[in-house]
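Okay, structure first, notes after.
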Amino acid sequence: MAITYLPGKAPHPREHRMIFRNVDRADWDTSLARYEQEGGYSMLKKAVTMEPKAITEEVKKSGLRGRGGAGFPTGVKWTFIPPNNTKPVYLICNADESEPGTFKDRYIIHQDPHQLIEGMAISCYAVGAHLAYIYIREEFPEGALILEKAIAEARANWYLGNGICGSNYNLEIYVHRGAGAYICGEETGLIESLEGKRPYPRIKPPYFPAALGLYLCPTIVNNVESLCHVRHIMEMGGETYAKMGTPNNTGTRILCVSGDVVRPGYYEVQVGSLTMGELINDLCGGLKPGRTLKAIIPGGSSAKVLRADEVFKLKQPDGSTKELTVMDIPMDFDTIAKCGTMAGSGGVIIMDDTRDMAWVLNNLNQFYAHESCGQCTPCREGSLWMKKISDRIVSGDASPDDVSLLESVAYQIDGKTICAFGEASAWPTESFIAKFRDELTARTKSANKGKLVAEEAQLAAAGLD
Ligand SMILES: Cc1cc2nc3c(=O)[nH]c(=O)nc-3n(C[C@H](O)[C@H](O)[C@H](O)COP(=O)(O)O)c2cc1C
Ligand code: SF4
């Protein structure tokens, strides 16, 4: 079937649009009728005739890994609900989309809300949930209204409510608006917030949501994009789905590219089907004219930065070693992790030679200092301390020891906090110092001293002192 896209919005030929199939279509709208015209909700109809366990098995076979950040296998997560559970089971769709550099979930919600609702309903049926929430950040007010309308339409047509699609399965989905905080994207902080409390993350163990989640009942928390994939796994079967992408890195994923490229934007590709260089040069049209690549943050702001000239020696399954430059890295979870960083939420931030790394790091540190929930001391005090030191580096007031001090503060946060925000805030500093120490040191007072003396002498010679 021929699809028409809005002017200038057609996908790149190397894309594989599945989750974003209906995004930017000229011949599409968010109504239930339009969704049904192209097979919408047929997979939910099929699902409610199946054994719930059989659906979980298909999701396991598909190899789907969560698209929210950690890349944890979705089907495996679902099996963590205790087998002898007698409490209600909940499902939460994480629509907080809080990781800087990430902008995909909002397009699904704005342009294809029924795809998400169908994916959620199938997932709820599989895990035995009769009540589900979509936790959406307050900054997406339009998205919340679109979802509420879509839920009402689905309910009026027996895709939600009692006796879904003529079965005896009941499910309600509610939209819950957050108050706009990065930490509300962390699953246990999100759960606290949904319970009406301050979003202080919970300690894991014991509070793994699948066992002790919302109201201390088993709760599955999945990202918007992850839940949409479930609908497609139902359609093609787990094994066929697993043929997309590469082993252990299956399916498609949406990469959100921002920064110094000609065509920043979202690109849905088979996982690992292209390299970083192909993403930048083919899909994104290359760097801006006359510029050279300086650095890349490959998976949202908390992923460790890569330097353009890094070369990695990676062990191959046959025992040999392969050299990879940054541009050779395939865009999959495992290889990016072997290169010392992470694919995270798919937010790829490209920086060219005009970027001032002290400024970039300070910008990130300002964000993390603002967003720390304050519950644990290393993160609360450390994130603000890192911001203050990087403020000094940017303004040229840092002492010669400040770069090492900054590094030591980061390592005192990393691994010593209640939630993974600690690492998220420390990794930018650790990696920027490891890879751009000279550039940061050049901004400290002692390094500037010679330059200032020379500038003063020049001004004096010109009679301008
Ligand atoms: C500080 C922090 C912020 C996070 N923000 C988000 C977010 O905005 N959206 C999201 O889906 N996951 C976010 N996560 C990951 C969630 O805790 C959780 O792992 C995810 O929602 C699980 O879904 P998935 O398995 O489908 O990826 C965040 C994690 C941390 C530590
Ligand atoms: S690591 Fe930071 S964000 Fe997480 S609980 Fe501790 S203070 Fe809060």
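Heads up: the sequence shown begins at 666 in the numbering used here, then just goes up one per residue.
Note that the Cβ used here is the ideal one computed from N, Cα and C, for glycine as well.
1. For ligand 1, is there a heavy atom less than 7 Å away from the beta-carbon of Asp-999?
2. Given a cut-off of 8 Å on the beta-carbon distance, is the pair Gln-935 and Met-909 in contact?
3. Determine, using beta-carbon pairs with one atom in the segment 807-827 and one in the segment 835-846, whether at least three such pairs fall under 8 Å.
4. I need the straight-line Cα distance from Leu-651 to Ile-898, nearest angstrom please.
5. Could you tell me the distance, in whole angstroms, from the CA atom of Met-992 to the CA atom of Leu-944?
6. Using only the heavy atoms of ligand 2, determine whether one of them is closer than 7 Å to the beta carbon of Gln-1040.
7. Specify whether the segment 733-740 and the segment 1003-1022 touch according to this definition: at least 3 beta carbon pairs, one from each stretch, less than 8 Å apart.
8. Give a yes or no on whether the C-beta atoms belonging to Leu-729 and Thr-915 are separated by under 8 Å.
9. Note the first and the last residue of the continuous alpha helix (DSSP H) segment covering Asp-1067.
10. Is it the case that the CB of Thr-1082 approaches a heavy atom of ligand 2 more closely than 7 Å?
11. Pull up the DSSP beta-bridge partners for Gly-1142, would you.
12. Ordered along the chain, which non-local residues of its own chain (more than five positions away) have a Cβ less than 8 Å from that of Pro-717?
13. For the beta strand (DSSP E) holding Tyr-839, just list the boundary residues, first then last.
14. Roughly how many angstroms lie between the CA atoms of Phe-685 and Gly-673, to the nearest whole one?
15. Would you tell me roughly how many angstroms separate the C-alpha atoms of Gln-780 and Thr-767, rounded to the nearest one?
16. Please state whether DSSP places Ala-968 in a helix, a strand or coil.
17. So Cys-758 packs on Ile-811, CB below 8 Å; how close in whole Å?
18. What runs of the alpha helix (DSSP H), each 4 residues or longer, lie entirely inside the segment 805-855?
19. Ile-1001 and Pro-963 look like a contact to me (Cβ under 8 Å); what is the Cβ gap, rounded to whole Å?
20. Do Ala-846 and Glu-1036 count as a contact pair if the criterion is CB distance below 8 Å?
21. Since Gly-740 is in the alpha helix (DSSP H), which residue starts that stretch and which ends it?
22. Tell me Tyr-755's beta-bridge partners as DSSP assigns them.
23. On the DSSP bridge assignment, give the partners of Ala-960 in chain order.
24. For Phe-977 and Lys-1003, I'd like the C-alpha separation in whole angstroms.
25. Are the beta-carbon atoms belonging to Leu-952 and Asp-925 less than 8 Å from one another?
26. Out of Glu-933, Asn-687, Ala-719 and Arg-1057, which has the shortest C-alpha to C-alpha gap to Thr-917?
27. Alpha carbon to alpha carbon, how far is Asp-692 from Ala-1075? Give it in angstroms, no decimals.
28. Between Asp-770, Thr-739 and Ile-1083, which lies nearest to Glu-890 when the distance is taken from Cα to Cα?
29. Compare the beta carbon distance of Asn-1027 and Val-1059 with 8 Å and say whether it is the shorter of the two.
30. Spell out the partners DSSP gives Thr-714 in its beta bridges.
31. Grab me the residues of Phe-1101's own chain with a C-beta within less than 7 Å of its C-beta, minus the 5 sequence neighbours each way, in chain order.
32. Tell me whether Ser-858, by its Cβ, gets closer than 7 Å to a heavy atom of ligand 2.
33. For ligand 1, is there a heavy atom less than 7 Å away from the beta-carbon of Lys-725?
34. Counting only the same chain and skipping the five closest in sequence on each side, list residues whose C-beta sits under 7 Å from that of Ile-746.
35. Quick one: does the C-beta of Tyr-865 sit closer than 7 Å to a heavy atom of ligand 2?
36. Can we count Phe-1032 as close to ligand 2, meaning its CB is less than 7 Å from some heavy atom?
Working from what's here:
1. Not under cutoff, so the answer is no.
2. A contact, by the Cβ cut-off of 8 Å.
3. Yes, since at least three Cβ pairs between the segment 807-827 and the segment 835-846 fall closer than 8 Å, the two stretches touch.
4. Look at the range of the chain in this structure, 666 to 1130, and you will see that residue 651 is not part of it.
5. Taking the straight line joining both Cα atoms gives about 9 Å.
6. For Gln-1040, the distance from the CB to the nearest heavy atom of ligand 2 is below 7 Å.
7. The segment 733-740 makes contact with the segment 1003-1022, as at least three CB pairs between them are under 8 Å.
8. The answer is yes: Cβ separation under 8 Å.
9. Looking at the DSSP string, the run of the alpha helix (DSSP H) that includes Asp-1067 is 1067-1078.
10. Thr-1082 Cβ: within cutoff of ligand 2.
11. It is not possible to answer for residue 1142, since the shown part of the chain is limited to 666 through 1130.
12. In its chain, beyond the 5 residues on either side, Tyr-790, Ala-791, Val-792 and Gly-793 have a beta carbon closer than 8 Å to the beta carbon of Pro-717.
13. Element bounds for Tyr-839: 837-842.
14. Cα to Cα, the separation comes out at about 16 Å.
15. One C-alpha to the other measures close to 20 Å.
16. Ala-968 falls in the coil class under three-state DSSP.
17. The C-beta distance from Cys-758 to Ile-811 rounds to 14 Å, too long to fall under 8 Å, and the pair is not in contact.
18. DSSP assignment within the segment 805-855 yields the following whole alpha helix (DSSP H) runs of 4 residues or more, N-terminal first: 806-821.
19. So it is a contact: roughly 6 Å between Cβ atoms.
20. Judged by their CB atoms, Glu-1036 and Ala-846 are nearer to each other than the 8 Å cut-off.
21. Unbroken alpha helix (DSSP H) run through Gly-740: 739-743.
22. The secondary-structure analysis by DSSP pairs Tyr-755 across a beta bridge with Leu-796 and Thr-884.
23. DSSP lists Arg-972 and Met-1016 as the beta-bridge partner residues of Ala-960.
24. About 9 Å.
25. For Leu-952 and Asp-925, yes; Cβs fall inside 8 Å.
26. Ranking Glu-933, Asn-687, Ala-719 and Arg-1057 by Cα distance to Thr-917 puts Glu-933 first.
27. Taking the straight line from one Cα to the other gives about 50 Å.
28. Glu-890 has its Cα closest to that of Asp-770, out of Asp-770, Thr-739 and Ile-1083.
29. For Asn-1027 and Val-1059, yes; Cβs fall inside 8 Å.
30. DSSP lists no partner for Thr-714.
31. The residues are Met-1022.
32. No.
33. Taking the Cβ of Lys-725 as the reference point, every heavy atom of ligand 1 lies at 7 Å or farther away.
34. Cβ neighbours of Ile-746 beyond the five flanking positions: Val-754, Val-792, Ala-875 and Pro-883.
35. Within the cutoff, so yes.
36. Residue side-chain check: Phe-1032 keeps its Cβ at 7 Å or more from all non-hydrogen atoms of ligand 2.
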